[in-house]
Amino acid sequence: MMTRISPLELRRVFGKFATGVTVVTYRADGVPRGATVNSFTSVSLDPPLALVSLSRRAKACENLHGRQFAINILTVDQRNLALHFAGVPQPSVRNPFIEADAGDEPPVLQGCLAYIVCDPWAVHDAGDHKLFIGEVVGLSEVQPDAEQRPLGFFGGQFCRVESGERIWAANNELIAAMQQSLSFSW
Ligand SMILES: Cc1cc2nc3c(=O)[nH]c(=O)nc-3n(C[C@H](O)[C@H](O)[C@H](O)COP(=O)(O)O)c2cc1C
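So this is what it looks like as structure tokens:
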């Protein structure tokens, strides 16, 4: 069936949804690898599940089947890593992994906001992408005390995520709304 939705328009409108930026890291043939991904979504608390959507053209899409992977949440200072793992090698990125040689576990990136380690849980076909759902088996806030800001992505561009008085003032009501709709305490 012909669709009237133009892919360019679709991409532009999807891009109106602001996200953070992550790098999905894994080990293939013992070599640490990564792919920049903004499709990361939290899925379930019980069991703990997270999702990334990968293009069938991405090497990560073939490599992630049956493999542990880590979702590394980037800081605003890590734009070079986002580009590097999006197929634009950055000379400034030399040894981005913490303990790159450590065993079978997925490698994780130095200096990111946090990382989430997942066991493979399910893979679903989704058009020109595949949805990889992982069961969370490890978590770490790499710099829990530091005032690190996330790297944002909006309208096809990297952006800063700012906080302001008005946003903070709304937070109490937001927490009440979340508690009501999700029926768990934050
Ligand atoms: C900000 C940003 C977000 C991206 N998000 C995704 C994504 O969610 N899924 C995806 O398949 N590719 C995404 N890409 C493109 C991949 O990073 C790119 O295709 C990369 O080369 C894949 O690496 P690989 O082929 O080594 O797996 C994104 C790129 C950028 C710059």
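Each residue of the sequence shown is one higher than the one before, counting from 1 in my numbering.
No residue lacks a Cβ here, since even glycine has one placed at the ideal position from N, Cα and C.
Please tell me whether T36 and A82 are closer than 8 angstroms, where the distance is taken between their beta carbons. yes
DSSP state of V142 mapped onto helix, strand, coil: Coil.
Can you have a look at N171 and say buried or exposed, based on whether 16 or more other CB atoms are within 10 angstroms of its CB? exposed
Can you confirm whether the stretch 83-101 touches the stretch 122-130 when touching is taken to mean that 3 or more C-beta pairs between the two stretches lie within less than 8 angstroms? Counting Cβ pairs under 8 angstroms, fewer than three are found: no touch.
In terms of alpha-carbon separation, which member of L174, I175, H84 and V76 lies closest to G20? V76
Since Y26 contacts P89 with CB under 8 angstroms, what's their CB separation in whole angstroms? Their Cβ separation, rounded to whole angstroms, is 18 angstroms, which puts Y26 and P89 out of contact at 8 angstroms.
Starting from F14, trace the alpha helix (DSSP H) both ways and give me its first and last residue. Unbroken alpha helix (DSSP H) run through F14: P7 to F14.
Between the Cα of L54 and those of F17, P47, L74 and G134, spot the shortest distance and give me the residue it belongs to. L54 has its Cα closest to that of G134, out of F17, P47, L74 and G134.
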